[in-house]
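First residue of the sequence shown: 0, per numbering that gives the first Met the number 0; consecutive thereafter.
C-beta atoms are modelled at their ideal positions from N, C-alpha and C, and glycine is treated no differently.
Remember, it's a predicted structure, so these values are computed and weren't measured experimentally.
Let me begin by presenting the structure, written as structure tokens, before commenting on it.
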Amino acid sequence: MAVGIFDSGLGGLTVLEAVNARLPDQPIVYLGDNAHAPYGVRGQDDIYQLTRDGVQYLWNCGCDLVVLACNTASAAALRRMQEAGVPQGKRVLGVFVPLIEALTEREWGDNSPPRGVAIRHVALFATPATVASRAFQRELAFRAIGVDVEAQACGGVVDAIEDGDMILAGALVRSHVEALRRKLPHPQAAVLGCTHYPLLLNVFSEALGPDVTVYSQPALVAESLAYYLQRHPQMAGTGGGISYVTTGDAGRVSDRAALFLNRPVTFHSA
Ligand code: DGL
0 MAVGIFDSGL GGLTVLEAVN ARLPDQPIVY LGDNAHAPYG VRGQDDIYQL TRDGVQYLWN
60 CGCDLVVLAC NTASAAALRR MQEAGVPQGK RVLGVFVPLI EALTEREWGD NSPPRGVAIR
120 HVALFATPAT VASRAFQREL AFRAIGVDVE AQACGGVVDA IEDGDMILAG ALVRSHVEAL
180 RRKLPHPQAA VLGCTHYPLL LNVFSEALGP DVTVYSQPAL VAESLAYYLQ RHPQMAGTGG
240 GISYVTTGDA GRVSDRAALF LNRPVTFHSA
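Shown next as structure tokens:
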């Protein structure tokens, strides 16, 4: 059975690549909601409706398990969808929990009460909608106490990457890191809370300096998914294979994705 990976657009391909490298035998359906991207500047209700539609599409494709690769979708929609109730046998997971488990040095799925942890000062870089939702802080508070999170809304970075302008994207990242440092001069850890930011990992790491541990999501999400499928083998499949689906213009999205991944990719229309 295929696992669904949902993103607002192309950014989730960073997560897809890591999942495919970790679980090459697992069939995957990737859905990018390019017709409605970017999500990061939309309101919470809007993001919720779009995410719910995308997840429903993937469930209808036969994916019992859907991963919201998109932080903005995870922030605005995951808890709300889970509280509204998902159909029997279906599951939807987000990307914050694996990241927070790594940050707080917890075992995957450890639901014990919050406790003090080694890291006290965390910088969160994310889209304006993710920052506004405070979902990261909320999920962190379930697991750790005494951690100070300073969030920086990184306006413009996703658009610059989507436009292929990595020089502008790099300049914006450096200015967002400077702005963060004005609020939190000595972060111990930095979280790249957007699927696009791993593409600029070196710029973030350089701007933050060697004393800051940078947490990037794709490998963490892939590892926690592998662990989840081990515990829920009925949701896993065999034989590999990836279907790329978009709500946008399939030809245009395929061209952009090929630039993103440095190899040809063929998207189909949803
Ligand atoms: N994929 C989104 C995320 O991880 C960012 C892109 C967007 O704004 O749509 O937050």
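Three-state secondary structure (DSSP) of residue i
i	result
Phe203	helix
Glu106	coil
Arg142	coil
Asp254	helix
Leu64	strand
Gly115	strand
Ser73	helix
Gln43	helix
Gly192	strand
Gly3	strand
Tyr214	strand
Tyr227	helix
Thr265	coil
Val85	coil
Thr246	coil
Residue i: CB within 8 Å of a non-hydrogen atom of the ligand DGL
i	result
Thr194	yes
Ala101	no
Tyr38	yes
Asp6	yes
Thr126	yes
Gly10	yes
Ala131	no
Thr71	yes
Ala68	yes
Val65	no
Val121	no
Val91	no
Val157	yes
Span of the beta strand (DSSP E) around residue i
i	result
Ile27	Ile27 to Gly31
Arg90	Arg90 to Leu92
Ala152	Asp147 to Ala152
Segment limits, alpha helix (DSSP H) that includes residue i
i	result
Leu123	Element bounds for Leu123: not the alpha helix (DSSP H) but the beta strand (DSSP E), His120 to Ala125.
Thr13	Leu12 to Arg21
Arg173	Met165 to Lys182
Asp158	Val156 to Glu161
Check: residue i C-beta below 8 Å from any heavy atom of the ligand MN
i	result
Ala83	Questions concerning the ligand MN fall outside what the structure shown contains, since the ligands it does hold are the ligand DGL.
**OP:** Could you say if the stretch 250 to 268 and the stretch 133 to 144 meet the contact criterion of at least three C-beta pairs nearer than 8 Å?
**Re:** Touching, no.
Subject >> contact_flag[the stretch 83 to 91, the stretch 105 to 119] where n(CB pairs < 8 Å) is 3 or more >> reply: Segments in contact, no.
Subject >> Three or more C-beta pairs below 8 Å linking the stretch 227 to 245 and the stretch 199 to 206 >> reply: Under the Cβ criterion (8 Å, minimum of three pairs), the stretch 227 to 245 does not count as touching the stretch 199 to 206.
**OP:** Examine the Cβ distances between the stretch 29 to 42 and the stretch 9 to 18 and report whether three or more of them are shorter than 8 Å.
**Re:** Verdict: yes, contact present.
**OP:** Count the C-beta pairs between the stretch 0 to 14 and the stretch 193 to 203 that are closer than 8 Å, then say yes if the count reaches three, no if not.
**Re:** A contact exists between the stretch 0 to 14 and the stretch 193 to 203.
Original post:
Is there contact here, the stretch 233 to 250 with the stretch 70 to 84, by at least three beta-carbon pairs under 8 Å?
Top reply: These segments do not touch.
**OP:** Give a yes or no on contact between the stretch 160 to 175 and the stretch 44 to 52, applying the rule of three or more CB pairs nearer than 8 Å.
**Re:** Counting C-beta pairs with one atom in each stretch, the stretch 160 to 175 and the stretch 44 to 52 have fewer than three that are closer than 8 Å, which means they do not touch.
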